[in-house]
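Engineer:
There are 2 protein chains.
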Amino acid sequence: MSEITVSFRDIQAAAKRLQSVAVRTPLVYSQDLDARCQARVFYKPESLQHIGAFKFRGAYNRLAQLNSEELGLGVVAYSSGNHAQGVAYAAKLLNCPVTIVMPSDAPRIKLENTRKLGAKVQLYDRHTESREEIAAAIANETGATLVPAFDDPDIIAGQGTCGLELMEQLADYQLQASSLLSPVGGGGLLAGLSLAAKAMDPAIKVYAVEPENYDDHFRSRAAGERVRIDGTVKTRCDSLMATTPGELTWSINSQLVEDFLLVSEDEVAHAISYAFYKLKLVIEPGGAVALAALLQGRLPVQNTVVALVLSGGNIDADTFASCLQQFPNP
Amino acid sequence: MSEITVSFRDIQAAAKRLQSVAVRTPLVYSQDLDARCQARVFYKPESLQHIGAFKFRGAYNRLAQLNSEELGLGVVAYSSGNHAQGVAYAAKLLNCPVTIVMPSDAPRIKLENTRKLGAKVQLYDRHTESREEIAAAIANETGATLVPAFDDPDIIAGQGTCGLELMEQLADYQLQASSLLSPVGGGGLLAGLSLAAKAMDPAIKVYAVEPENYDDHFRSRAAGERVRIDGTVKTRCDSLMATTPGELTWSINSQLVEDFLLVSEDEVAHAISYAFYKLKLVIEPGGAVALAALLQGRLPVQNTVVALVLSGGNIDADTFASCLQQFPNP
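Going down the list, the sequences are from chains U and Z.
Reading the first sequence from the start, the letters are residues 92 to 421 in this note's numbering.
Reading the second sequence from the start, the letters are residues 92 to 421 in this note's numbering.
(1) According to the neighbour-count rule (16 or more other Cβ atoms, all chains shown, within 10 Å of its Cβ), is Z:ASP307 buried or exposed?
(2) Tell me, to the nearest whole angstrom, how far the beta carbon of U:ALA248 is from that of U:ILE102; I am working on the premise that it is less than 8 Å.
(3) Please identify the residue among U:ALA268, U:ALA262, U:VAL132 and U:GLU316 whose C-alpha is closest to the C-alpha of U:VAL119.
(4) Using a beta-carbon distance cut-off of less than 8 Å, what residues from the stretch 127-153 of chain U approach chain Z?
(5) Excluding five sequence neighbours on each side, which residues of the same chain lie with their C-beta closer than 6 Å to the C-beta of U:ASN204?
(6) Check whether the stretch 207-223 of chain Z touches the stretch 240-257 of chain Z, counting contact only when three or more Cβ pairs, one atom from each stretch, lie closer than 8 Å.
(7) Quick one: any contact between the stretch 320-340 of chain Z and the stretch 256-271 of chain Z, if contact means 3 or more CB pairs under 8 Å?
(8) Against Z:GLN346, what residues of chain U qualify as contacts under a CB-to-CB distance less than 8 Å, listed in chain order?
(9) Which class does Z:GLY378 belong to by DSSP, given the choice of helix, strand or coil?
(10) For the structure I just gave you, are there three or more beta carbon pairs, one from the stretch 178-187 of chain U and one from the stretch 148-156 of chain U, closer than 8 Å?
(11) Hey, out of U:ARG127, U:VAL112 and U:TYR215, whose CA is closest to U:PRO391's CA?
(12) Closest by CA to U:LEU284, which one among U:LEU255, U:ASN158 and U:ASN231?
(13) Within 10 Å of its beta-carbon, does Z:ASN186 have 16 or more other beta-carbons around it, so buried, or fewer, so exposed?
(14) What do you get for Z:ALA313, buried or exposed, if any count of 16 or more other CB atoms within 10 angstroms of its CB means buried?
(15) Given a cut-off of 9 Å on the beta-carbon distance, is the pair Z:LEU370 and Z:LEU124 in contact?
(16) Can you round the beta-carbon distance between Z:CYS348 and Z:ALA299 to whole angstroms, since I take them to be within the 8 Å contact cut?
(17) Can you confirm whether Z:ALA381, when its beta carbon is compared against all beta carbons of chain U, has any partner nearer than 9 Å?
(18) Quick one, are the C-beta atoms of Z:TRP341 and Z:GLY279 less than 9 Å apart?
(19) Is it right to say U:GLY234 is buried, meaning 16 or more other beta carbons lie within 10 angstroms of its own, or is it exposed?
(20) Does DSSP put Z:THR395 in a helix, in a strand, or in coil?
(21) Answer with buried or exposed for Z:ALA408, where buried requires no fewer than 16 other C-beta atoms within 10 angstroms of its C-beta.
(22) Fully enclosed by the stretch 145-194 of chain U, which alpha helix (DSSP H) runs are 4 residues long or longer?
(23) Under a CB-based cut-off of 9 Å, is Z:GLY404 close to chain U?
(24) Closer than 8 Å, Cβ to any Cβ of chain Z: which residues of the stretch 194-206 of chain U, in chain order?
(25) Should Z:ARG199 go down as buried or exposed, given a rule of 16 or more other Cβ atoms within 10 Å for buried?
(26) Express the C-alpha separation of Z:GLU223 and U:HIS174 in angstroms, rounding to a whole number.
(27) Using the C-alpha atoms, what's the distance from U:SER171 back to U:CYS414?
(28) Would you mind telling me which residues of chain Z sit closer than 9 Å to U:PRO419, beta carbon to beta carbon, in chain order?
(29) Which of the three DSSP states, helix, strand or coil, is assigned to Z:ALA384?
(30) In this structure, how does DSSP classify U:THR335 when only helix, strand and coil are distinguished?
(31) Using Cβ-Cβ distances below 7 Å, what residues of the stretch 250-277 of chain U are close to chain Z?
(32) Name, please, each residue of chain U whose Cβ falls closer than 7 Å to the Cβ of Z:VAL178.
(33) Measure from the C-beta of Z:PHE411 to each C-beta in chain U and report whether the shortest distance is under 9 Å.
(34) How is the alpha helix (DSSP H) around U:PRO198 delimited, first residue to last?
(35) Count the other CB atoms, across all protein chains shown, that sit within 10 Å of the CB of U:GLN393; report buried if there are 16 or more and exposed otherwise.
(36) Looking only at C-alpha atoms, which of U:ASN344, U:TYR169, U:ALA383 and U:ARG327 sits nearest to U:SER311?
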């Protein structure tokens, strides 16, 4: 086992940077979800975070550690959406120029919101161009700092503040959870959550959930090493479309995560409709996978305390409406 | 001025009864709403309360004070929806039989949810029958206790716990609000909120918001006495369709409320779409009126701290989708 290079202390330091800057999202519960799962289920809607997703946490934690010269030269990032908005809003708060390299087929709402936050958006074709090369070229030309989406210790520590809060909020309810479920894309949120949760309660078991069409973590666990999937299969979960686990994130997640679970596209749509009808929350596909796994009984949780993260809420009205139509009685 | 017969102490007693029973709904904020209003705006989504609306608070506070014989004889209530569900769920928790008299044209989701909570639902025709008479007959025949929707000291005290929490949560942010906005239908929530808020901060100004098609409070303030409107005009705000202020609630609200504001049906639809896109919350029409008033600049709030209640989230998928379609870019 390799040494874990991000520490709980890094997460505590990030929490200090984010205090009064990030939203302390609530940890709530619903009698309907409890009854359905025959468990006490607490969910943390990061959809209520700035820019509608947890991504702001990591981005701000990274940018807040740049010096004034670096901030002046600006930052650049590539992202299908939520990371873009997270970096853009963090940059706005820190008065830092920002360029975001985004795929031209990203959800319209995410393109628009990124621009509205004051970022310069550079579009690229996901099928013919390399976003890594474009971003590297911008960094080279302008001296801007590249802000990775997940494979970075400061990003991981920032996302970890979500887990730190969650554990504190569980303690406010005077409860300990046996299991914690989280979506996983590149693995930044998962790594930060796992580090925080395990540091605060070594007995807690962390489960990661991904769409069955983007099962790179599931396959990596089975193979015992990082696996890359081809990534041409479609998924509604645009925020979880990483084709391989991050190197740093995997070094953490492969050690701390109990198991990797899969959900289907229909199960995600069902969870989105459930969140509308029963939780009164707007959750995006990638943000709903952990809820979907729970609703499908993918994990035996009867008579236990369970926590989960609803990681984002940036969904187009059309996609949302189609989920509600598909499952009118979830 | 008449003496106010519900006290802050009643609200504190209600809060004790509701502790660990009601959801302590969060008080949150959004950078987008702050920027749009040029103010610090905090909203309390009672949509996250049991049954998706604040109504559970008052119902439980009323039922929890029945003795075991009364609980055995059951309770009866009439309601277009949220009060029905609130009473039904409170009764379920207290093992008490419950009959709900509901209009046959109530939103389907509210009829279904009331039945699912274990209540016997008795339908009536809003145009030809009197729900008061039907409920009174049931109470007479069975010995059941009638649970009023708003004009009752225990109901008002229960709803007041929403205000008590809101003020405590503002204090957690180390802030005081200059103004507090709330939807008003019959006036139970408004009365409870006003009592709690004014007791905890006499300087706070409370504003009530209602749909312009159901402006009985607005007209009552202008007339200096309770006015009854005809109530045949349509409104999307099914949870605010009281045609006259309650007697007890008006004795409180006429003294404590600074002003009554009106919003149009389109402004409500806009606020629902805004809550979807920016707040990631599902809010029903009646629950969105205070937000609508704020978004329309109906109150000068620049550079102040404002609090508001989003009072419920029980909305049909079709109504929701039509609001998002009408305002795709709110």
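Even for Gly, the Cβ is constructed at its ideal location relative to N, Cα and C.
Structural biologist: According to the structure data:
(1) Residue 307 of chain Z sits at position 216 when you count from the first residue of the second sequence. Answer is buried; the Cβ neighbour count reaches 16.
(2) Mapped onto the first sequence, residue 248 of chain U falls at position 157. Mapped onto the first sequence, residue 102 of chain U falls at position 11. The distance from the Cβ of U:ALA248 to that of U:ILE102 is about 5 Å, consistent with a contact at the 8 Å cut-off.
(3) Along the first sequence, one-based indexing puts residue 119 of chain U at 28. The shortest C-alpha to C-alpha distance from U:VAL119 to any of U:ALA268, U:ALA262, U:VAL132 and U:GLU316 is the one to U:VAL132.
(4) Taking 8 Å as the Cβ-Cβ cut-off, the stretch 127-153 of chain U approaches chain Z at PRO136, SER138, LEU139, HIS141 and GLY143, given in chain order.
(5) Here residue 204 of chain U corresponds to residue number 113 of the first sequence, with the count starting at 1. The beta carbon of U:ASN204 sits closer than 6 Å to the beta carbons of GLN176 from its chain, once the five residues preceding and following it are set aside; these are given in chain order.
(6) Taking 8 Å as the limit for Cβ pairs, the verdict is that the stretch 240-257 of chain Z does not touch the stretch 207-223 of chain Z.
(7) Counting Cβ pairs under 8 Å, fewer than three are found: no touch.
(8) Here residue 346 of chain Z refers to the residue found at position 255 when the second sequence is read from its first residue. Neighbours of Z:GLN346 across chain U, judged by C-beta separation under 8 Å, do not exist; the nearest C-beta is about 33 Å away.
(9) Translated into positions along the second sequence, residue 378 of chain Z becomes position 287. Looking at Z:GLY378 - three-state DSSP - the assignment turns out to be helix.
(10) Short answer: they touch.
(11) As a first step, residue 391 of chain U must be located in the first sequence, where it is residue number 300. From the listed residues U:ARG127, U:VAL112 and U:TYR215, the smallest Cα separation to U:PRO391 is found for U:ARG127.
(12) For this step, residue 284 of chain U is matched to residue 193 along the first sequence. Of U:LEU255, U:ASN158 and U:ASN231, the residue nearest in Cα terms is U:LEU255.
(13) Here residue 186 of chain Z is taken as the residue at index 95 of the second sequence, counted from 1. Looking at its Cβ environment, which holds fewer than 16 other Cβ atoms inside 10 Å, Z:ASN186 is exposed.
(14) Walking along the second sequence from the start, residue 313 of chain Z turns up at place 222. Its Cβ having fewer than 16 others within 10 Å, Z:ALA313 is exposed.
(15) Taking the second sequence and counting its residues from 1, the one referred to as residue 370 of chain Z is at position 279. Taking the second sequence and counting its residues from 1, the one referred to as residue 124 of chain Z is at position 33. Yes; because the gap between Cβ atoms is below 9 Å, this pair is in contact.
(16) On the second sequence, position 257 is the one that residue 348 of chain Z refers to. On the second sequence, position 208 is the one that residue 299 of chain Z refers to. Note that residue 348 of chain Z is Val in the sequence shown here, rather than Cys. Right, the Cβ-Cβ distance comes to about 5 Å (below 8 Å), so this counts as a contact.
(17) Along the second sequence, read from residue 1 onward, the residue named residue 381 of chain Z stands at position 290. The beta carbon of Z:ALA381 sits no closer than 9 Å to any beta carbon of chain U.
(18) What you label residue 341 of chain Z is simply residue 250 of the second sequence in a count that begins at 1. What you label residue 279 of chain Z is simply residue 188 of the second sequence in a count that begins at 1. Taking 9 Å as the Cβ cut-off, Z:TRP341 and Z:GLY279 do not qualify as a contacting pair.
(19) To locate residue 234 of chain U, count along the first sequence from 1; it is residue 143. The residue in question, U:GLY234, is exposed, as its Cβ has fewer than 16 Cβ neighbours within 10 Å.
(20) Within the second sequence, numbered from 1, the residue matching residue 395 of chain Z stands at position 304. If DSSP states are grouped into helix, strand and coil, Z:THR395 belongs with coil.
(21) Start at 1 with the first residue of the second sequence, and residue 408 of chain Z comes out as number 317. Label assigned to Z:ALA408: buried.
(22) For the stretch 145-194 of chain U, whole alpha helix (DSSP H) runs of length 4 or above, ordered along the chain, are 146-154, 159-164 and 173-184.
(23) Locating residue 404 of chain Z in the second sequence gives position 313, where the first residue counts as 1. True, the Cβ-Cβ gap to chain U drops below 9 Å.
(24) Within the stretch 194-206 of chain U, the residues whose Cβ lies closer than 8 Å to some Cβ of chain Z are ILE200, listed in chain order.
(25) The residue labelled residue 199 of chain Z in the question sits at position 108 within the second sequence. The residue is exposed, with fewer than 16 neighbouring Cβ atoms inside 10 Å.
(26) By one-based count along the first sequence, residue 174 of chain U stands at place 83. By one-based count along the second sequence, residue 223 of chain Z stands at place 132. C-alpha of U:HIS174 to C-alpha of Z:GLU223: approximately 55 Å in a straight line.
(27) Here the question's residue 414 of chain U lines up with position 323 in the first sequence. Here the question's residue 171 of chain U lines up with position 80 in the first sequence. Distance between U:CYS414 and U:SER171, taken at the CA atoms: about 21 Å.
(28) Position 328 of the first sequence, counted from the first residue, corresponds to residue 419 of chain U. Correct list: ALA408.
(29) Along the second sequence, read from residue 1 onward, the residue named residue 384 of chain Z stands at position 293. Of the three classes helix, strand and coil, the one that applies to Z:ALA384 here is helix, per DSSP.
(30) Taking the first residue of the first sequence as 1, we reach residue 335 of chain U at position 244. Three-state DSSP puts U:THR335 in coil, outside helix and strand.
(31) Among the residues of the stretch 250-277 of chain U, none has a Cβ less than 7 Å away from any Cβ of chain Z.
(32) Looking up residue 178 of chain Z in the second sequence gives position 87. Residues of chain U passing the Cβ test: none, with the nearest at roughly 15 Å.
(33) In the second sequence, the residue the question calls residue 411 of chain Z occupies position 320. True, the Cβ-Cβ gap to chain U drops below 9 Å.
(34) For the purposes of this step, residue 198 of chain U is taken as the residue at position 107 of the first sequence. Careful: U:PRO198 lies outside any alpha helix (DSSP H) and carries neither H nor E.
(35) Looking up residue 393 of chain U in the first sequence gives position 302. That one is exposed.
(36) Stepping through the first sequence from its first residue, residue 311 of chain U is reached at position 220. For the options U:ASN344, U:TYR169, U:ALA383 and U:ARG327, the alpha carbon positioned closest to that of U:SER311 is the one of U:ASN344.
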